[in-house]
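Engineer: Can you keep this structure in mind? I'll have questions shortly.
Protein chains in written order, with my numbering: chain Z, -4 to 76; chain G, 14 to 190.
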């Protein structure tokens, strides 16, 4: 999907790149790039309570990245304690 | 024709290059000229206190480090997983630990109880995108003093860290001769 078609291109570009990566070592890099792009965006969104749709999209993306880390990169699952 | 320097600039240059230039150094070094040790107060709030930053994302570590450095903290170590954080905590005895939640090998929740044992009085701050995944009482039971979200502005995170540290924050450092 081209950047201009993305609603939140700053972080959705790196996020989609991570989702489509099949090589494990590349996957780690791409997940980290996506996380950092989301982090940067969160820093911009931080002061206000608006952008609710984007915040929800970010929450969904983070859940998916977490699933990839757990299932494909063997990160310990922090929801199981 | 060769341009000539204005006399006032020549005087300024002489002053700046003179051995007495410290007199003009906004008073920081001036007292040394009249004897006695000088204490320089670090007015940034971190006051040289040490922080161990634990996050598997190098770019996030870099951004967070810069913010804490700007506030006068010293970055004593960085780790990208909980196991390395435990080792560094033993070696470096940081004043505060900033701990990510989701990491490879050992995550923040697995590392926190061990860090708490090694450093019983060191504040541990869980710094995460998944702040809602943990209730405050669960965090406290693991030895975590505070959970802050990566959604928060870094300036707010730093303020919250200050609130955990013993006061007064100013720490004087001697200026060597």
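Don't be surprised by glycine CBs; every beta carbon is placed ideally from N, CA and C.
Keep in mind that this is a model prediction, so the values were computed, not measured.
Does the CB of residue 165 of chain G have a neighbour CB from chain Z at under 8 angstroms?
Structural biologist: yes
Engineer: In chain G, which residues lie with their C-beta within 7 angstroms of the C-beta of residue 34 of chain Z?
Structural biologist: 73 and 163
Engineer: On a CA-only basis, which of G:136, G:103 and G:96 is nearest residue 171 of chain G? Give me that one, please.
Structural biologist: Nearest of G:136, G:103 and G:96 to residue 171 of chain G, Cα basis: G:136.
Engineer: Using the Cα positions of residue 71 of chain Z and residue 115 of chain G, report the straight-line distance between them to the nearest angstrom.
Structural biologist: 8 angstroms
Engineer: Note down, in chain order, each residue of its chain lying with its Cβ closer than 8 angstroms to the Cβ of residue 63 of chain Z, except the 5 sequence neighbours on either side.
Structural biologist: 13, 14, 22 and 26
Engineer: For the beta strand (DSSP E) containing residue 0 of chain Z, name the first residue and the last one.
Structural biologist: No beta strand (DSSP E) holds residue 0 of chain Z; DSSP gives it neither H nor E.
Engineer: What residue range is occupied by the uninterrupted alpha helix (DSSP H) comprising residue 29 of chain Z?
Structural biologist: 19 to 40 is the extent of the alpha helix (DSSP H) around residue 29 of chain Z.
Engineer: Between which residues of its own chain and residue 90 of chain G is the CB-CB distance below 6 angstroms, once the five residues before and five after are set aside?
Structural biologist: 65, 101 and 105
Engineer: Please determine if the segment 80 to 99 of chain G and the segment 44 to 53 of chain Z are in contact, where contact requires at least 3 C-beta pairs separated by less than 8 angstroms.
Structural biologist: These segments do not touch.
Engineer: Could you have a look at residue 95 of chain G and say whether DSSP puts it in helix, strand or coil?
Structural biologist: When DSSP states are grouped into helix, strand and coil, residue 95 of chain G belongs to the helix group.
Engineer: Distance, Cα to Cα, residue 24 of chain Z vs residue 33 of chain Z?
Structural biologist: 14 angstroms
Engineer: From residue 151 of chain G to residue 0 of chain Z, what distance separates their C-alpha atoms?
Structural biologist: 42 angstroms
Engineer: Quick check on this structure: which residue in G:94, G:117, G:143 and G:158 has the alpha carbon closest to the alpha carbon of residue 57 of chain Z?
Structural biologist: G:143
Engineer: Looking at the structure shown, is residue 118 of chain G part of a helix, part of a strand, or coil, going by DSSP?
Structural biologist: coil
Engineer: Distance, Cα to Cα, residue 149 of chain G vs residue 71 of chain G?
Structural biologist: 27 angstroms
Engineer: Which chain Z residues are close to residue 114 of chain G, counting only those with a beta carbon under 7 angstroms from its beta carbon?
Structural biologist: 73
Engineer: Just how far apart, CA to CA, sit residue 48 of chain G and residue 125 of chain G?
Structural biologist: Its pLDDT being 41, under 50, residue 48 of chain G is placed unreliably in this model, and the value from its coordinates should be taken loosely. Approximately 49 angstroms, taken between the alpha carbons.
Engineer: Counting only beta-carbon atoms, is residue 117 of chain G nearer than 8 angstroms to chain Z?
Structural biologist: yes
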